[in-house]
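Sequence order for the protein chains is A and C.
Just so you know, we're using the working numbering here: the first sequence kicks off at 514 and counts up by one.
Just so you know, we're using the working numbering here: the second sequence kicks off at 514 and counts up by one.
Below is one structure, written out as structure tokens; comments come after it.
Number of protein chains: 2
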Amino acid sequence: MKFEIMRHRLLEGLNDVMKAVSSKTTTPILTGIKLEVTEDGLRLTGSDSDITIQTFIKSEENGDQMIRVIEEGSIVVQARMFNEIIRKLPTSDVEIEVKENYHTHIHSGKSEFHIIGLEPSEYPLLPEIQDDRQFIMPADLLKSIVRETVFAVSPSESRPVLTGVHWQVKNGELVCVATDSHRLARRKVILVQLPEGEYSVVIPGKSLNELSKIIGDSSEPVYIAMTSQQVLFKTGNVLLYSRLLEGNYPDTSRLIPTEYKTTVSMNGKVLFQAIDRASLMAREERNNIVRLSSIEGNIVEISSSSPEIGEVEEEIQTTSIEGEEIKISFSAKYMMDALRALDGHDVIVQFTGAMRPFILNSVHDEGVLQLIVPVRTY
Amino acid sequence: MKFEIMRHRLLEGLNDVMKAVSSKTTTPILTGIKLEVTEDGLRLTGSDSDITIQTFIKSEENGDQMIRVIEEGSIVVQARMFNEIIRKLPTSDVEIEVKENYHTHIHSGKSEFHIIGLEPSEYPLLPEIQDDRQFIMPADLLKSIVRETVFAVSPSESRPVLTGVHWQVKNGELVCVATDSHRLARRKVILVQLPEGEYSVVIPGKSLNELSKIIGDSSEPVYIAMTSQQVLFKTGNVLLYSRLLEGNYPDTSRLIPTEYKTTVSMNGKVLFQAIDRASLMAREERNNIVRLSSIEGNIVEISSSSPEIGEVEEEIQTTSIEGEEIKISFSAKYMMDALRALDGHDVIVQFTGAMRPFILNSVHDEGVLQLIVPVRTY
Numbered sequence: 514m515k516f517e518i519m520r521h522r523l524l525e526g527l528n529d530v531m532k533a534v535s536s537k538t539t540t541p542i543l544t545g546i547k548l549e550v551t552e553d554g555l556r557l558t559g560s561d562s563d564i565t566i567q568t569f570i571k572s573e574e575n576g577d578q579m580i581r582v583i584e585e586g587s588i589v590v591q592a593r594m595f596n597e598i599i600r601k602l603p604t605s606d607v608e609i610e611v612k613e614n615y616h617t618h619i620h621s622g623k624s625e626f627h628i629i630g631l632e633p634s635e636y637p638l639l640p641e642i643q644d645d646r647q648f649i650m651p652a653d654l655l656k657s658i659v660r661e662t663v664f665a666v667s668p669s670e671s672r673p674v675l676t677g678v679h680w681q682v683k684n685g686e687l688v689c690v691a692t693d694s695h696r697l698a699r700r701k702v703i704l705v706q707l708p709e710g711e712y713s714v715v716i717p718g719k720s721l722n723e724l725s726k727i728i729g730d731s732s733e734p735v736y737i738a739m740t741s742q743q744v745l746f747k748t749g750n751v752l753l754y755s756r757l758l759e760g761n762y763p764d765t766s767r768l769i770p771t772e773y774k775t776t777v778s779m780n781g782k783v784l785f786q787a788i789d790r791a792s793l794m795a796r797e798e799r800n801n802i803v804r805l806s807s808i809e810g811n812i813v814e815i816s817s818s819s820p821e822i823g824e825v826e827e828e829i830q831t832t833s834i835e836g837e838e839i840k841i842s843f844s845a846k847y848m849m850d851a852l853r854a855l856d857g858h859d860v861i862v863q864f865t866g867a868m869r870p871f872i873l874n875s876v877h878d879e880g881v882l883q884l885i886v887p888v889r890t891y
Numbered sequence: 514m515k516f517e518i519m520r521h522r523l524l525e526g527l528n529d530v531m532k533a534v535s536s537k538t539t540t541p542i543l544t545g546i547k548l549e550v551t552e553d554g555l556r557l558t559g560s561d562s563d564i565t566i567q568t569f570i571k572s573e574e575n576g577d578q579m580i581r582v583i584e585e586g587s588i589v590v591q592a593r594m595f596n597e598i599i600r601k602l603p604t605s606d607v608e609i610e611v612k613e614n615y616h617t618h619i620h621s622g623k624s625e626f627h628i629i630g631l632e633p634s635e636y637p638l639l640p641e642i643q644d645d646r647q648f649i650m651p652a653d654l655l656k657s658i659v660r661e662t663v664f665a666v667s668p669s670e671s672r673p674v675l676t677g678v679h680w681q682v683k684n685g686e687l688v689c690v691a692t693d694s695h696r697l698a699r700r701k702v703i704l705v706q707l708p709e710g711e712y713s714v715v716i717p718g719k720s721l722n723e724l725s726k727i728i729g730d731s732s733e734p735v736y737i738a739m740t741s742q743q744v745l746f747k748t749g750n751v752l753l754y755s756r757l758l759e760g761n762y763p764d765t766s767r768l769i770p771t772e773y774k775t776t777v778s779m780n781g782k783v784l785f786q787a788i789d790r791a792s793l794m795a796r797e798e799r800n801n802i803v804r805l806s807s808i809e810g811n812i813v814e815i816s817s818s819s820p821e822i823g824e825v826e827e828e829i830q831t832t833s834i835e836g837e838e839i840k841i842s843f844s845a846k847y848m849m850d851a852l853r854a855l856d857g858h859d860v861i862v863q864f865t866g867a868m869r870p871f872i873l874n875s876v877h878d879e880g881v882l883q884l885i886v887p888v889r890t891y
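Written out as structure tokens, the structure is:
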């Protein structure tokens, strides 16, 4: 194997595939990145066995020569070291050559590195995913869906299925749900092009977070294909494969109240900032609990106190308060996460008494629902 | 105590004094910041008992009213919490009022915080430093001196005096030296205005690092006053007091060779980058050692190898190599620290054989000397 490549383009590719490489792997070959060179270009693969990211750099991109292939071939090189070497090389192009016994030479300007690679045939093969159950979504929409749901997955492995986001395709609609059993985030999307039949998969939160980092904010299409064990996201020249979580996702629809006793419309950003301030007093305690109380004149009061430190209260003018008076306590963190996911828009908060879960919606987008289970203090 | 203050100006002041406050203190009152309000303005003090930072915000600055004093007084408030509260308040001004039992009210817009302060008379008094042994230095020069020396102090408490920088005033010259016994950094300055008599103090590296953060890059004067136990740096409205280190600083002058056998002139930045690359192979091993060898044609080769990972070599064209051939090994980190302190200028490196310390100077400034003790590998 021998080729020359533009260093900035190789770095871009490495930047993508490095996201899948974990230093904690127990499989030595997975500390490496696989490089495969053909006349057409360079394929890079990184994996931690749960997530695999693959990117392809074409020999010629937009009329510019990126790679000059002298001899085709493949090698696995230690990922972190290879990435650091490429990053620190002195010139804008780099020559990579593999000689016998996987001895790999990296040459740039007057700088010459010799590292020992690994047998490429030992690198795990990618799962096979057929294209027949594939659907398409714009990258920016996919990114929103992830942002609005993934934060609510459970951080605890005690119920592994809750560490993922439940994606369900049913009746021409995609419904994404995440919950840690104290709060829930749900996003519904009606897609123009959905696959036939029904799907129900649970995608690890970690995979969705990595996906978010490698897709752009454009409306570029992302191809999504699923099997019973894997999901593949494909955009531009980058592919992300993720293992799916096993087990049945709980039926969350019963958690969401169908009737409400108090409805408050207000500015989400103002509410966020008041909760943020109130949580300064709350978070010293273990629970980080703030209170919300409705007052006459369409005002809500946000307050918190800590016997050791002090107390805080703040009045917020709402657009409207309809229905019964409400006094409720909840986690400041959950509330701030939910408001952040609603992106600072005007929000509608609906309560069914101090003991029942309450929900938040965006005034501008009915597709997003955030639910929070209150804490009993009153 | 009751006053109103522009929030951005209070934050600026807090930003300075917070640098002296440590969360690790064993003296509860030092987790706080002292606020003292008089007609003239607000004085803020933070301290970890080694370093004390004080700043004064005038009631009127450049014709703008910063503070409206309603009642003079003082209080100590928990530093981190107070800073966070002020940072998150909703409006551009804030009212602070202390009522009985140190109950402190912080009011901004519709937000109202109540925190419990501490007795201000319990806050330690500042050391008394007379002005008679005071000298002046421009802020940017002071910052350079710190940058060029402080990195070389010892991180180990086994010889406490080496954790500081030795400042010596003698024969109208200020000489600053830091060493961890493996390398040494020395800066000489001839100041226009030096104090009479001789000084020899050791300033903790930590204090100098904090000093660097609070002084600007301007040529604004900094007033420096010393006693046998304390040093005071005073610039604008900010004062930094630091305890001095006890004990005799070793005589380092004998460490520096007086004769050299090889002199290399070269670009410091090119050398830095080559060492940086070579250290990629070196730092996996415990020692992080790279080699430098002179070759014919005014070339030096930088190289490194690690049996497990691989090897690297790079040739650098120098301006000149005079004297004997040299092959020497040293810590990549020490070399990079020294070159960074010389600020990327052209450098002169002078060797006295592979076993003796070698020195680096800037071509542009003879006042800075960096010394490194080599490692015996040849």
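No residue lacks a Cβ here, since even glycine has one placed at the ideal position from N, Cα and C.
Measuring C-alpha to C-alpha distances from residue 710(C) to each of 800(C), 686(C), 831(C), 671(C) identifies 686(C) as the nearest. Per DSSP, the continuous alpha helix (DSSP H) segment holding residue 785(A) begins and ends at 781-795.
For the region 770-789 of chain A, the beta-carbon criterion of a distance under 9 Å to any beta-carbon of chain C is satisfied by 783, 786, 787, 789. A straight-line Cα-Cα distance of about 9 Å links residue 578(A) and residue 518(A). Not a single C-beta of chain C is nearer than 9 Å to the C-beta of residue 537(A). In terms of Cα proximity to residue 671(C), the closest of 760(C), 880(C), 562(C), 543(C) is 760(C). Close CB contacts of residue 753(A) within its chain, under the 6 Å cut and outside five residues either way in sequence, are with 566, 724, 746 (chain order).
Close partners of residue 594(A) in chain C (Cβ separation under 9 Å): 793, 794, 797, 822, 823. The three-state secondary structure of residue 521(A), taken from DSSP, is helix.
Comparing alpha-carbon positions, the option among 716(C), 833(C), 707(C) lying closest to residue 675(C) turns out to be 716(C). Put simply, the region 684-702 of chain A does not touch the region 830-842 of chain A. Fewer than three CB pairs are less than 8 Å apart. Beta-bridge annotation (DSSP): residue 578(C) is paired with 573(C). Around the Cβ of residue 877(A), a 10 Å sphere holds fewer than 16 other Cβ atoms; the residue is exposed. Between residue 657(C) and residue 682(C), the gap from beta carbon to beta carbon reaches 9 Å or more.
Between residue 514(A) and residue 852(A), the alpha-carbon positions lie close to 52 Å from each other.
For residue 826(C), the number of other beta carbons within 10 angstroms of its own is at least 16, and it is reported as buried. One Cα belongs to residue 726(C), the other to residue 677(C), and the distance between them is close to 17 Å.
Taking 8 Å as the cut-off between beta carbons, the residues of the region 625-643 of chain A near chain C are 625, 626, 627, 628, 629, in sequence order. DSSP lists 682(A) as the bridge partner or partners of residue 712(A). Nearest to residue 801(C) by C-alpha distance, out of 848(C), 630(C), 529(C), is 848(C).
At a C-beta separation below 7 Å, residue 826(A) has these neighbours in chain C: 625. Nearest C-alpha to residue 669(A) among 661(A), 694(A), 755(A): 694(A). When beta bridges are read from the DSSP output, residue 648(C) appears opposite 737(C). Comparing alpha-carbon positions, the option among 611(A), 812(A), 587(A), 824(A) lying closest to residue 554(A) turns out to be 587(A). Secondary structure note for residue 724(A): its alpha helix (DSSP H) is the uninterrupted segment 718-727. For residue 854(C), the secondary structure class from DSSP, reduced to helix, strand or coil, is helix.
Taking all protein chains in view, the Cβ of residue 863(A) is crowded by 16 or more other Cβ atoms within 10 Å, so the residue is classified as buried.
Scanning its chain for C-beta atoms nearer than 6 Å, with the 5 sequence neighbours on each side dropped, one finds around residue 846(C) the residues 801, in chain order. Relative to the Cα of residue 748(A), the nearest Cα in the group 665(A), 831(A), 659(A), 655(A) belongs to 655(A). Residues of chain A with a Cβ closer than 7 Å to the Cβ of residue 734(C) do not exist; the shortest Cβ-Cβ separation is about 39 Å.
The three-state reading of DSSP puts residue 804(C) in strand, counting E and B together. The alpha-carbon separation between residue 736(C) and residue 824(C) amounts to approximately 51 Å. DSSP lists no bridge partner for residue 600(A).
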